[in-house]
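Quick mapping for you: the protein sequence lines, in order, are chains A and B. Start counting the first sequence at 1; every next residue gets the next number (full-length UniProt numbering). Start counting the second sequence at 1; every next residue gets the next number (full-length UniProt numbering). The structure appears below as structure tokens.
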Amino acid sequence: MQLTVNGTAYQVDVELDMPLLWVLRDELGITGPKYGCGIAQCGACTVHVEGMPVRSCQLPIGDLEGEVTTIEGLGTPDALHAVQQAWIDHQVAQCGYCQSGQIMAAAAFLDLNPDPSDQDIDRALSANLCRCGTYPRIRAAVKTAAASLKGA
Amino acid sequence: MGRLKTIARRTFLIGSAAIVGGVAFGTVMYKRPAKNPLLQDLGPGAAAITPYVLITQEGITLITPRADKGQGAYSVQAALIAEELDVELDQITVDPGTPSPAYYNTALANDMAPFRSTDDSIIAEFTRAVLDAPVKFLGIQITGGSTTVPDSYEKLRMAGAVARETLKAAAAKVSNQPVDQLTTARGAVHLPDGRMLTYIELAATAATLNPVTDITLRDPQDWRLIGKPMQRIDIAAKSTGTQAYGIDIRMPDMLHAAVTLNPRRGSVNSYDATTAETMRGVRKVVPVTGGIGVIADNTWRAMQAAKAISVDWGAAPYPADMDAHWKSLTDSFTDDQLDSQYRNDGDIAGALGNAEPVSAEYRAPYLAHAPLEPINATVLVTDARVDIWTGTQIPRFIQANISKITGIDADNIHVHVLMMGGSFGHRLEDMVVRQATELAMTVKGTPVKLTYSREQDFAQDFTRQIAMAQLRGTLRNGQVDTFDLGIAMPSVIGSQMGRQGFPAAGPDTQIVAGAWDQPFAIPNYRITGYRAPELAPISSWRSVGASTNGFFHDCALDELIHAAGADPLAERIRLCNHAASRTVLETVGEMSNWGSKLDENQGRGVAFCLSFGVPCAEVIEVTATPAGVRIDKVFAVADVGRIIDPVNFEAQVSGGIVFGLGHAMNCEITYADGAAQQSNYHQFEGLRLYQCPEIKVRGLENGRTIRGVGEPGVPPAAPALANAIFAATGQRIREMPFNKYIKFV
Chain A
1 MQLTVNGTAY QVDVELDMPL LWVLRDELGI TGPKYGCGIA QCGACTVHVE
51 GMPVRSCQLP IGDLEGEVTT IEGLGTPDAL HAVQQAWIDH QVAQCGYCQS
101 GQIMAAAAFL DLNPDPSDQD IDRALSANLC RCGTYPRIRA AVKTAAASLK
151 GA
Chain B
1 MGRLKTIARR TFLIGSAAIV GGVAFGTVMY KRPAKNPLLQ DLGPGAAAIT
51 PYVLITQEGI TLITPRADKG QGAYSVQAAL IAEELDVELD QITVDPGTPS
101 PAYYNTALAN DMAPFRSTDD SIIAEFTRAV LDAPVKFLGI QITGGSTTVP
151 DSYEKLRMAG AVARETLKAA AAKVSNQPVD QLTTARGAVH LPDGRMLTYI
201 ELAATAATLN PVTDITLRDP QDWRLIGKPM QRIDIAAKST GTQAYGIDIR
251 MPDMLHAAVT LNPRRGSVNS YDATTAETMR GVRKVVPVTG GIGVIADNTW
301 RAMQAAKAIS VDWGAAPYPA DMDAHWKSLT DSFTDDQLDS QYRNDGDIAG
351 ALGNAEPVSA EYRAPYLAHA PLEPINATVL VTDARVDIWT GTQIPRFIQA
401 NISKITGIDA DNIHVHVLMM GGSFGHRLED MVVRQATELA MTVKGTPVKL
451 TYSREQDFAQ DFTRQIAMAQ LRGTLRNGQV DTFDLGIAMP SVIGSQMGRQ
501 GFPAAGPDTQ IVAGAWDQPF AIPNYRITGY RAPELAPISS WRSVGASTNG
551 FFHDCALDEL IHAAGADPLA ERIRLCNHAA SRTVLETVGE MSNWGSKLDE
601 NQGRGVAFCL SFGVPCAEVI EVTATPAGVR IDKVFAVADV GRIIDPVNFE
651 AQVSGGIVFG LGHAMNCEIT YADGAAQQSN YHQFEGLRLY QCPEIKVRGL
701 ENGRTIRGVG EPGVPPAAPA LANAIFAATG QRIREMPFNK YIKFV
């Protein structure tokens with residue numbers, strides 16, 4: 001079957017019930033999306049499908065409709081997305097393992113809600129777990145990213 | 001590291017092994033320098049003088065042997081070397097190096113000694129020095145106990161300074177200029193005439209010289225990097241999905257593996273893998289320590305197949321249900337189980353005989369480490385050597401254990417330490433590496449990556465200890481007069497070191513850590529540790545003994561202070577007999593505007609714990625809403641003696657607070673029929689963003705000795721929350737998790 005990830009078309013031969021996460025990680029070698037819980041409890045595997053945030057550990061590849069964007073496709077170290085730049089400016093990451101998912105969730109959220117209240121941010125990002133406890137900096141970075149996207 | 005080896009064959013290394021042996025850190029017993037591991041595999045014409053600084057024609061690599069679990073250890077170690085070496089952090093790469101006795105951890109021994117960290121008497125220093133000897137002798141290269149900074153602080157600056165002065169000597173030789181006319185900056189030696197020679201240009205000459213070891217470290221007021229806000233060297237990679245963790249390793253022809261392990265940690269009576277063996281992508285089904293492994297061509301396929309194996313598991317080698325675990329602790333407050341009584345001030349028996357004591361009992365549950373990256377290891381076994389890629393805090397133990405399993409000499413066991421997606425003590429264990437090796441031995445020549453499913457990671461965790469405490473106290477004239485606390489728990493160190501084959505002799509200081517060593521002068525003050533029999537396997541969990549004892553000790557003190565009718569902060573300050581700790585308490589009072597009026601349904605609690613040599617106080621404000629308790633604000637003050645990077649300091653303390661609060665609110669591991677009942681994050685939630693309070697952190701530098709900050713923020717969080725809930729609601733919660741008794745919003 002065929003899928004498009006970060007603008008590149010791929011052909012894979014896998015079971016229809018294999019989750020998108022494992023197609024990305026083990027079949028295509030795209031390791032930005034992380035395996036954390038496998039049951040949509042942590043959000044580390046978050047990617048965009050047609051711009052919408054999706055838990056890739058819960059999406060069977062057979063049900064995939066649309067183009068996939070992973071953290072690698074959002075921006076690169078040389079061409080950062082505004083959310084990634086804000087994450088760097090606020091030095092959010094500790095272990096960093098959840099941050100791909102946090103950033104993908106934040107980017108999709110700011111697309112839909114460019115001017116979020118504190119409560120909006122809390123609601124939108126509370127499904128992403130951070131075991132290191134970087135939440136205060138995540139909040140601050142989302143606000144910075146929102147301001148920077150509005151100015152852009 | 002592979003890269004390091006390749007480079008070492010054709011390039012030059014600068015620095016000094018002498019600093020490892022004695023100049024900076026020698027003890028009377030072991031002055032001989034440990035072998036420099038960078039010397040290994042050097043080709044003709046190359047030279048190596050230091051374990052920490054590697055200069056090649058491609059660039060400058062700083063060796064940072066303490067592992068990075070997310071606490072920023074690589075950045076901190078690099079900054080310490082760079083400060084004296086006169087390179088900037090954008091000019092270097094870091095490499096964790098190869099496991100070696102040269103990288104032994106001095107500071108770890110300091111905290112094994114039964115002396116209060118505030119005790120700088122001759123006998124305390126002498127004992128620490130004696131304990132240091134075996135740590136060095138065994139070459140224990142461990143990352144843990146908040147020791148990275150204390151261990152590295154002088155050692156790494158010294159390594160940078162030796163390398164710098166040796167490079168200057170090389171420049172003097174090349175340019176015929178006197179050394180005292182030379183300066184260094186941004187990776188180059190500057191000559192009086194304005195010309196400069198880069199370190200890379202000078203490497204070949206420097207490698208032929210004896211290292212310059214007669215050096216004085218710079219005055220802190222001249223520092224460029226230390227003490228100033230830094231950008232972590234991994235921050236861009238971690239914000240773009242390009243940071244490779246152990247779980248991300250990929251190699252040609254690599255196979256993927258999963259396991260199904262006995263949830264009761266007992267034997268395998270029998271198993272049927274008929275279905276699993278026919279599933280797509282499955283190559284092999286192999287018995288491993290503790291269960292059965294599946295090797296396949298994809299992780300998900302391996303996990304699906306592992307679930308399809310039906311197994312008849314043996315019984316647990318510990319009590320099957322929680323009632324028996326708690327009873328074992330309740331029964332341990334006896335003379336037979338007495339482990340230590342490091343503090344016994346005044347006349348406890350007399351004081352308790354004269355008044356009806358205030359008494360209370362406290363409990364703390366087993367807790368999983370549950371770092372977000374499930375544990376994993378990639379192993380390649382050939383006839384001659386074994387290569388292991390994994391995130392670990394114990395590379396030297398792994399070398400020894402895998403040598404035993406494979407029969408291959410430890411020198412040919414190569415451990416490549418990778419970035420960790422969290423640990424909190426989880427990666428002080430190496431069962432996953434042993435199992436991955438057992439799997440890889442059946443497909444020699446092909447690398448195998450074993451990834452635990454999240455469910456296996458929870459089920460097989462060596463959890464935080466279960467613990468219990470009993471308080472008896474008396475009051476006199478509105479003050480705390482007697483504080484008698486008994487603490488019972490199984491020995492963490494006994495369980496953990498037992499799995500490494502080391503018997504843990506003598507009392508386990510962790511049974512009373514965070515309680516016996518608190519800086520208070522109470523007229524009658526006794527802390528007794530009772531060693532409960534071994535129960536479920538346990539291991540170090542961020543802040544170890546203090547994670548339970550900080551809660552017991554401070555809540556007990558809070559109860560007595562309230563019973564005496566005293567102010568919780570003022571009475572702690574009055575009782576405190578350690579200047580730096582008293583300042584920490586006073587500062588948190590000032591930050592939180594202690595004593596200012598709150599709304600009727602609000603409450604404010606303070607807690608203090610000195611752990612890992614760091615006094616830390618936290619004030620928490622909560623609101624009792626009709627739907628449950630909301631945590632509004634946290635104010636925290638910690639004194640680490642010297643702050644290396646204020647940005648990371650704040651991150652570690654505030655992260656520690658979130659960690660301490662989340663587990664106190666809603667986390668526990670319980671056993672039923674010998675198996676953990678919690679299998680994933682829906683049953684072990686921790687704190688989520690919407691519950692995260694505003695956190696304000698202040699660092700102080702009054703302490704005499706530099707200390708690490710990865711753990712000390714954790715212990716005061718739970719008691720500060722319990723004390724705040726009491727202030728807001730009048731309800732005293734004596735058992736974690738608190739959601740057994742109240743709701744949180």
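In this text, a Cβ means the ideal position worked out from N, Cα and C, and glycines have one as well.
Item to complete: With 9 Å as the C-beta to C-beta threshold (strictly closer), list the residues of the segment 414-446 of chain B near chain A in chain order.
Response: 419, 420, 421, 422, 423 and 424
Item to complete: For the segment 291-313 of chain B, enumerate the residues whose C-beta is nearer than 7 Å to any C-beta of chain A, in chain order.
Response: 298, 299 and 300
Worksheet item: Can you list the beta strand (DSSP E) stretches of 3 or more residues lying completely in the segment 552-631 of chain B, in chain order?
Response: 602-611 and 614-625
Fill in: Nearest-angstrom Cβ-Cβ length linking residue 223(B) and residue 83(B), presumed shorter than 8 Å
6 Å
Discussion item. Helix, strand or coil, according to DSSP, for residue 104(A) in the structure here?
Written reply: helix
Practice prompt. Can you pull the chain B residues whose beta carbon is under 7 Å from the beta carbon of residue 93(A), in chain order?
Written response: 235, 238 and 239
Worksheet item: Would you say residue 160(A) reaches chain B, if we count a Cβ-Cβ gap shorter than 9 Å as a contact?
Response: No answer is possible for residue 160(A): the residues shown for chain A start at 1 and end at 152.
Practice prompt. Give me the Cβ distance between residue 93(A) and residue 235(B), rounded to the nearest whole Å; I'm assuming they're in contact under 8 Å.
Written response: 6 Å
Item to complete: Give the residues of chain A in contact with residue 232(B), contact being defined as C-beta atoms less than 7 Å apart.
Response: 91
Item to complete: Note down, in chain order, every chain A residue with its Cβ under 8 Å from the Cβ of residue 686(B).
Response: 129 and 131
Item to complete: Please classify residue 676(B): does DSSP put it in a helix, a strand, or coil?
Response: strand
Worksheet item: At a CB-CB cut-off below 9 Å, which residues of chain A make contact with residue 542(B)?
Response: What residue 542(B) touches in chain A: nothing, since even the nearest Cβ is about 10 Å away.
Discussion item. Using 8 Å for Cβ pairs, my map puts residue 325(B) next to residue 466(B). What's the rounded Cβ distance?
Written reply: 6 Å
Discussion item. Against chain B, does residue 14(A) count as a neighbour if the rule is that its beta carbon must be under 9 Å from one of theirs?
Written reply: yes
Fill in: Cβ of residue 372(B) within 9 Å of any chain A Cβ
yes
Practice prompt. Helix, strand or coil for residue 289(B), going by three-state DSSP, please let me know.
Written response: coil
Fill in: Sequence-distant residues of the same chain with beta carbon closer than 7 Å to residue 582(B), five excluded per side
573 and 576
Discussion item. Taking the alpha-carbon of residue 653(B) as reference, which of 71(B), 501(B) and 335(B) has the nearest alpha-carbon?
Written reply: 71(B)
Worksheet item: With a Cβ-Cβ cutoff of 9 Å, do residue 396(B) and residue 142(B) count as a contact?
Response: yes
Discussion item. Bridge partners for residue 97(A) per DSSP, in chain order?
Written reply: The partner list for residue 97(A) (beta bridge, DSSP) is empty, contrary to what the question assumes.
Worksheet item: Alpha carbon to alpha carbon, what distance is there between residue 416(B) and residue 314(B)?
Response: 35 Å
Worksheet item: Exposed or buried, what is residue 16(A) when buried is set at 16 or more other beta-carbons lying within 10 Å of its beta-carbon?
Response: exposed
Worksheet entry | CA-to-CA distance, residue 428(B) to residue 380(B), given in whole angstroms | 21 Å
Discussion item. Measuring straight from C-alpha to C-alpha, what distance separates residue 478(B) and residue 64(B)?
Written reply: 53 Å
Worksheet item: Buried or exposed: residue 267(B), going by 16 or more other Cβ atoms within 10 Å of its Cβ?
Response: exposed
Item to complete: Closer than 8 Å by C-beta to residue 45(B): which residues in its own chain qualify, once you throw out the five before and the five after it? Chain order, please.
Response: In this prediction, residue 45(B) has a pLDDT of 34, which is less than 50 and means its spatial position is unreliable; what the coordinates show is noted afterwards. None.
Worksheet item: Where does residue 18(A) land, buried or exposed, given buried means 16+ other C-beta within 10 angstroms?
Response: buried
Discussion item. Is there a Cβ of chain A sitting closer than 9 Å to that of residue 66(B), yes or no?
Written reply: no
Worksheet item: chain A partners of residue 649(B), CB-CB under 9 Å?
Response: Those do not exist, as residue 649(B) stays about 12 Å from chain A at its closest Cβ, beyond 9 Å.
Worksheet item: Going straight from the alpha carbon of residue 734(B) to that of residue 555(B), what length do you get?
Response: 8 Å
Item to complete: Answer with buried or exposed for residue 472(B), where buried requires no fewer than 16 other C-beta atoms within 10 angstroms of its C-beta.
Response: buried
Fill in: CA nearest to the CA of residue 405(B), picked from 373(B), 167(B) and 438(B)
438(B)
Worksheet item: Which residues mark the beginning and the end of the alpha helix (DSSP H) in which residue 426(B) is found?
Response: Where residue 426(B) is concerned, there is no enclosing alpha helix (DSSP H), given that its DSSP letter is neither H nor E.
Fill in: CB contact flag (residue 32(A), residue 451(B), <9 Å)
no
Worksheet item: Over what stretch of residues does the alpha helix (DSSP H) that includes residue 499(B) continue unbroken?
Response: Note, residue 499(B): premise wrong, no alpha helix (DSSP H); not H, not E.
Worksheet item: Are residue 88(A) and residue 80(A) close, meaning C-beta to C-beta below 9 Å?
Response: yes
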